[in-house]
Amino acid sequence: MAANHGRIVPFALFALHLSTRIAITSGAKMHRTVDMHYLLQLPRSAVSRRVTESGPCRGLAAHRKLSFFRWCACSGDERDCMKANETTLRKLIQGDQQLLVPLYQRQYTWERPQLIQLWSDITAQVDVLAEQRQDAPSHFLGSVVLAPGPELAPSRSQWIIVDGQQRLTTLMLALCALRDHLIAEDPTALERINELHLINKFQQGELRYRLLPTQSDRAAFKACVDRASDGRTGSLIGNAYQFFRSMLKEFDDPADPHDIARVESVLLDRLNLVQILVEKDDNAFRIFESINNTGMRLSQVDLIRNYVFMCLPTRGQHVYDAYWKPIQDQLDAKAMEQLMYLVLVLREGGEAQYNAVYRGHQQLLLTLSGDESQVEAYVQDLHRRARHLRQVLFPSEDLPFAGRLRFLKEWQASTAYPLVMRLLELREDDHVGDEEVSEALTYVESFLVRRLIAGVTTGNLNRIFQRLAVQLVAEEDVPQAVRTALSPARLYWPSDAQLREEIRSRAFYWQGRTVQQKLILRRIEESLGSKERVDLADKRITIEHVLPQSMTADWLSELSHGGDDADLLHRQLVHTLGNLTLSGYNSELSNNSFAAKRHQLRQSGLVMNQEIAACERWGKAEILARADRLAERAIAIWPGPEESGRGSAASRDWTLLHSAVAALPAATWTSYSDVAELIGSHPVPVGVHLATVPVLNAHRVLSRSGQVSENFRWTDPDDDRDVHEVLRAEGIVFDDAGRASADQHITAREIAELLGLPIAADLAETEAAGDGSLSPQALTSLEERFLYQLNEASGPQAAGAVQRLLEHWRSRGGELQYGTSANASCAPIIKVGGQTMNVIRFYAKTVEIPFGVLRKRRPFDDPALREELRQRLNDAPGVDIPVAKLELYPSIKNTQLANVAVFDVVVAALDWFMATVTASGEQEGD
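Under numbering that gives the first Met the number 0, think of the first position of the sequence shown as 0, with each following residue one higher.
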């Protein structure tokens with residue numbers, strides 16, 4: 000398997016060896032000699048690759064440290080060469096210098112998914128420091144390519160960022176947020192972090208900033224460095240800063256005086272970068288193009304496989320035939336990567352990192368260097384665990400606990416897989432039987448279900464199951480050990496009493512993914528003895544609100560029975576489990592009266608629907624009574640934690656509330672009702688909590704009408720600022736009556752999107768009818784229902800404008816898609832490259848712009864295109880969509896379309912959207 004000197008070998012074979020030296024000649028006439036670490040960052044577009052390597056698995060330990068590579072002119076004579084060193088942010092930005100982003104670079108584009116991943120990497124390293132794991136590796140963040148800048152001088156260091164500006168800008172914004180978080184308790188942090196890391200104290204003008212982004216981002220970035228709140232608003236730069244402020248606020252544990260200091264240490268010293276310095280005479284733009292051209296990178300599994308077989312010069316063929324090929328036959332590429340991660344977890348516990356799988360296996364193999372029998376045993380163990388993972392992913396019917404495994408798979412509970420794999424290992428070794436595995440899996444399922452019903456965040460599930468998988472030993476009562484380990488109050492496994500209360504009061508509809516909610520309802524239905532199998536893959540099966548989400552006159556009368564406040568009851572009960580069921584007739588049931596729904600539900604084959612249909616009316620008493628029945632059923636299905644010795648009962652978990660309020664983008668506000676709906680509470684306790692506990696952005700939670708509460712007080716009694724002045728300074732616009740602009744209002748659904756809650760994506764997807772899944776008669780019914788609700792809610796003039804706009808779209812060759820959820824909707828769609836896209840969706844009262852969906856689909860995954868769409872729509876009189884909603888779902892009223900000027904702007908935006916999507920599809924086709 001080893002390559003001979005000068006022999007051309009496949010890329011996959013030589014990319015494994017840390018001591019490998021590779022010369023790559025590309026079409027850009029550049030010559031590189033690199034070590035393997037940097038090779039992982041390079042495109043696969045090289046024309047020729049020559050390898051000199053010292054032999055399989057020999058002397059690897061001496062080469063574990065990243066050494067260097069050279070980047071030089073194409074002549075190959077090593078002239079004008081320079082080193083590329085491993086570095087950290089602290090080393091990169093120290094001293095009087097400036098890193099400058101050139102004009103040819105795109106503007107800052109990182110959004111919440113990228114920021115969440117970086118924050119996850121940071122907190123993983125914080126844990127390493129907290130646990131004092133001295134030998135744990137730091138996190139490799141990527142490469143940074145620098146070229147001499149125009150102001151470079153002996154007394155001043157200035158470098159152009161050829162590649163890596165996104166991660167560098169993000170790290171500097173994180174430092175800004177860290178500084179501002181620390182100032183409250185340590186005022187000296189302002190001067191310390193500014194002068195050490197953010198500014199050049201004795202420079203003037205733009206040379207004062209150690210990082211200077213491209214022109215379009217410069218003002219917002221400088222505002223973050225200079226702590227000018229008004230300049231941060233309305234940009235991805237400002238959003239990133241706000242993200243880190245909210246994460247730090249949530250992460251800061253009053254009981255741990257060192258946690259934020261560890262974050263600072265990780266940012267500066269434990270995120271490793273490869274710094275590449277380009278010669279002054281090199282063409283920086285050409286190098287930028289070469290680095291960023293497209294190509295398929297080797298997967299971590301590719302690297303592990305090739306590394307393994309370089310360590311098997313004599314046994315390679317036997318090991319491949321006996322073990323490796325059967326693994327590949329059982330698992331696809333994604334499952335194989337999952338396998339490699341799970342193997343590391345079972346060996347190392349919480350130290351394993353998914354994005355460092357190759358490095359982890361490399362460390363394992365280094366200890367086996369030179370002993371082929373041990374390497375073979377390592378692969379044999381992989382083969383054994385591959386069989387276990389196959390059982391988890393595709394449980395066979397003959398397994399007594401197959402139903403439990405299928406539930407976890409449908410739940411998408413991959414965080415629990417390390418524990419499941421450990422249970423299957425103990426079973427294969429005859430330490431536990433099928434009944435014990437089934438009982439242990441029941442506790443795992445209950446832990447997941449009860450926490451979801453109670454609205455407990457899932458952020459720590461990975462670590463909980465990783466630790467338990469490693470701690471579980473054969474000598475103990477395994478099912479009881481699993482139950483006991485999951486039972487401490489700090490892990491928030493709700494007791495029976497807590498579960499009863501949560502089912503009564505919490506907004507179940509906002510918890511978890513839609514498929515998880517359906518799984519819970521299906522389990523309950525099955526426990527009722529139902530003979531009708533609920534196929535969750537059937538898109539017609541949806542979650543039905545018996546009391547509808549949109550109130551009608553009939554339902555107002557229904558809820559007012561007994562003198563209750565109908566509006567308040569609706570907000571409290573509409574999303575609770577007692578009001579939800581499964582139905583294949585969601586669009587038909589719609590917002591109908593209970594009498595009409597009752598008739599439809601009576602015909603259902605589901606027992607739970609027949610029980611609802613047996614009620615004479617549907618109000619507070621009926622919903623709460625059903626909630627109590629469902630709670631008892633849930634307690635019977637999912638046993639609770641071990642009560643003895645679990646510690647004091649956990650108080651209400653306000654984590655989601657804090658995260659929701661902290662996530663508000665600059666120049667936006669939300670209401671007590673929105674937050675209460677999201678977390679399954681009531682506006683009053685939400686208001687009390689925000690008034691008594693310091694929470695970032697709490698002053699931006701207003702009444703439903705957008706007014707500051709009369710009882711608002713800062714939590715600091717010495718803070719005498721006028722809250723209205725603070726809000727105006729932050730970009731909130733008030734009218735003469737003191738009401739904040741509705742355009743700047745963030746709804747509960749949009750908060751869910753900002754937080755990345757799974758239900759947000761599910762809600763967006765459930766709006767659309769499945770392509771080709773509905774009959775012409777059903778489509779006609781959906782169209783009639785939409786037009787009826789549109790006329791009723793918006794009036795004939797606005798309805799006529801909407802219909803003319805839809806007719807214009809169809810005349811251009813577009814199609815219409817009608818929503819199947821209870822609230823009727825219609826979207827003008829275009830199908831390109833196998834995906835369906837829409838720029839707007841009409842509801843009965845509003846027209847929504849689904850930026851939250853568009854940002855995940857090409858070409859509108861480019862923030863610049865979404866920004867152009869926003870600006871085009873804002874050309875309409877009375878339309879002012881804030882930049883903060885470029886990832887969300889802003890809307891305008893349908894009645895505004897009756898204005899000819901607004902109508903014309905929207906039509907032009909639709910035409911532009913169609914042309915943009917069509918052109919993008921043609922380019923990809925080429």
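Even glycine gets a Cβ: it sits at the ideal position worked out from N, Cα and C.
Local conformation of residue i per DSSP, three classes
i, result
"serine 53", "Per-residue confidence for serine 53 stands at a pLDDT of 33, beneath the threshold of 50, marking its modelled position as unreliable; no derived number is given."
"lysine 90", "helix"
"phenylalanine 926", "Residue 926 lies beyond the stretch modelled for the chain, which goes from 0 to 925, so this question has no answer here."
"alanine 496", "helix"
"aspartate 162", "strand"
"threonine 915", "helix"
"methionine 836", "strand"
"valine 100", "coil"
"isoleucine 523", "helix"
"leucine 330", "coil"
"cysteine 825", "strand"
"phenylalanine 815", "Reading the sequence as shown, one finds leucine at residue 815 and not phenylalanine. Leucine 815: strand per DSSP, three-state reduction."
"histidine 698", "helix"
"leucine 211", "strand"
"serine 556", "helix"
"alanine 188", "helix"
"leucine 581", "strand"
"asparagine 898", "coil"
"leucine 909", "helix"
"isoleucine 540", "coil"
"isoleucine 198", "strand"
Chain-order list of residues whose beta-carbon lies under 8 Å from that of residue i (same chain, five-residue window excluded)
i, result
"leucine 128", "Arg261, Ser264, Val265, Arg269"
For residue j and residue i, believed in contact at Cβ under 8 Å, the rounded distance
i, j, result
"alanine 480", "histidine 574", "Not confirmed; about 37 Å, so no contact."
"glycine 851", "glutamate 886", "6 Å"
"alanine 635", "serine 526", "7 Å"
"leucine 91", "glutamine 274", "6 Å"
"threonine 580", "leucine 520", "7 Å"
"alanine 412", "leucine 451", "With 8 Å as the limit, alanine 412 and leucine 451 do not qualify as a contact, their Cβ atoms being about 11 Å apart."
"isoleucine 491", "alanine 453", "In the sequence on display, residue 491 carries tyrosine and not isoleucine. Between alanine 453 and tyrosine 491 the Cβ distance is about 7 Å, and since that is below 8 Å, they are a contact."
"glutamate 676", "serine 486", "In fact, because the Cβ distance is near 31 Å, the residues do not count as touching under 8 Å."
Close Cβ partners of residue i (< 6 Å) along its chain, the five nearest in sequence each way excluded
i, result
"alanine 662", "Ser245, Leu753, Leu754"
"threonine 915", "none"
"tryptophan 158", "Leu98, Leu145, Gly148"
"arginine 6", "With a pLDDT of 29 at arginine 6, under the threshold of 50, the modelled position of that residue is not reliable, and the figure given next carries that caveat. For arginine 6, where only same-chain residues beyond five positions count, there are no Cβ hits under 6 Å."
"isoleucine 750", "Ala659, Leu677"
Residue i vs residue j beta-carbon contact at 8 Å
i, j, result
"leucine 172", "isoleucine 236", "yes"
"serine 805", "leucine 789", "According to the sequence shown, residue 805 is leucine rather than serine. The answer is no: Cβ separation not under 8 Å."
"proline 478", "glutamate 435", "yes"
"leucine 441", "arginine 499", "Looking at the sequence provided, one finds threonine at residue 441 rather than leucine. No. Outside cutoff."
"aspartate 860", "arginine 854", "yes"
"tyrosine 340", "valine 356", "yes"
"histidine 382", "tyrosine 306", "no"
"glutamine 316", "alanine 123", "no"
"serine 670", "serine 702", "yes"
"leucine 896", "alanine 792", "no"
"serine 672", "proline 682", "yes"
"leucine 422", "glutamine 390", "no"
"arginine 503", "leucine 623", "yes"
Any chain D beta carbon closer than 8 Å to residue i
i, result
"leucine 99", "Here there is only one protein chain, and chain D is not present."
Other residues of its chain near residue i: CB distance less than 7 Å, five sequence neighbours each side excluded
i, result
"arginine 856", "Gln834, Met836"
"glutamine 497", "Ala453"
"histidine 544", "Val573, Asn578, Leu579, Ala821"
"serine 348", "The sequence as given places glycine at residue 348; serine does not occur at that position. Around glycine 348: Gln465, Arg466, Val469."
Residues bridged to residue i (per DSSP)
i, result
"valine 143", "Gln274"
"lysine 830", "Thr835"
"valine 660", "Partner(s): none; valine 660 has no beta bridge."
"serine 890", "Glu847"
"arginine 84", "The identity of residue 84 in the sequence shown is asparagine, whereas the question assumes arginine. Looking at the DSSP assignment, asparagine 84 forms a beta bridge with Gln274."
"phenylalanine 841", "Cys825, Val846"
"serine 156", "Gln96"
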